[in-house]
Ligand SMILES: [Zn+2]
Ligand SMILES: [Zn+2]
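Residue numbers (our numbering): -16 to 337.
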């Protein structure tokens, strides 16, 4: 901290190799005091504050729309009394909701390994590489002083970086058949519950965590180069900010109540209702709304779909193959089974051509 205070433009001439970026600085200062902060801020979709906000907003939607706005297990909008609106029996007694629990428990057990392991290795490594690269291009620079304006910009750049990398990974998972079989586990959910957010095959965990670490590393590297360790506070602030945003966004977009934004806002930010579309198996909805937070990347790459109010969204992977991805076991072995049949059919094709 004393270092930060001493960093005035007059007395600090930075040497890029010795300047420390926010992620490396956190790693260096990884004491008993820092670890709990980092661990505590790993996004948790089932925190009580998050759930309370979800329930409050859903109640407001129920009041404003006179009992309308929630969808049933069939993906159709229907009016309901408050309790059935918030906690519909057909959704929470569905086999898909039960499978969510199993996959969630498995993901919970493995997540700390990916999240902490990759954030502590890939993140700082990328950050150092970016800082080194910038130092190579721009040479020695005078460190700038951190203020709230820069911290806000850092948050925004981190958010856009994260969202872009998320979009890229998500798009690739949808378009490359060998990767789709992994992500299919998320889409095999036939009903949406806040737990569906963590419904992923365990192989997907490290892929998403690498993406997150990469994006934080790039943003940390850019800002670390210009601000040095002064950005560390902003990084911790960012982690908290993201936990809040993802906690809410992640839970509500996997909730069966439609939370729409006005159309103009949906062109910039993904409303939770837009993720209902992402989970629909109708051909017009397939492969749309793939970003996590903003609509910028979907708009840029032509995958944005802003739904009408009460648009019908049957969830899942479609009647043809849903039977293969219904139980916990089917979802866990699914990718391996699909890969082996992909290899078999490729071998058969090669064999037939010879
Ligand atoms: Zn998807
Ligand atoms: Zn989803």
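We put the CB at the ideal spot given by N, CA and C, even for glycine.
- Inter-segment contact for the segment 177 to 193 and the segment 75 to 86 is present: three or more beta-carbon pairs are separated by less than 8 angstroms.
- Annotation for residue 259 indicates a beta carbon at 7 angstroms or more from all heavy atoms of ligand 2.
- Relative to ligand 1, residue 157 has its C-beta within less than 7 angstroms of a heavy atom.
- Secondary structure of residue 191 (DSSP, three-state): helix.
- Residue 108 carries a helical assignment under DSSP once its states are collapsed to helix, strand and coil.
- Rounded to whole angstroms, the Cβ separation of residue 191 and residue 165 is 11 angstroms, and the two are not in contact under 8 angstroms.
- When only Cα atoms are considered, residue 232 and residue 56 end up about 21 angstroms apart.
- 8 angstroms or more divides the Cβ of residue 168 from the Cβ of residue 157.
- At a Cβ-Cβ threshold of 8 angstroms, residue 264 and residue 297 count as neighbours.
- Residue 203 sits close to residue 5, with the two beta carbons spaced by under 8 angstroms.
- In this structure, residue 241 lies near residue 52, with their beta-carbon atoms less than 8 angstroms apart.
- According to DSSP, residue 298 shares a beta bridge with 263.
- Linking residue 301 to residue 154 through their CA atoms gives a straight-line distance of about 19 angstroms.
- As for any alpha helix (DSSP H) of minimum length 4 sitting wholly inside the segment 61 to 131, the runs are 65 to 69, 72 to 75, 78 to 121, ordered along the chain.
- The beta carbon of residue 34 sits closer than 8 angstroms to those of 177, 234, all from its chain and outside the five residues before and after it, given in chain order.
- Taking 8 angstroms as the upper bound for CB-CB distance, residue 252 and residue 277 are in contact here, some 6 angstroms apart.
- The beta carbons of residue 101 and residue 193 sit about 6 angstroms from each other, so the pair counts as a contact at 8 angstroms.
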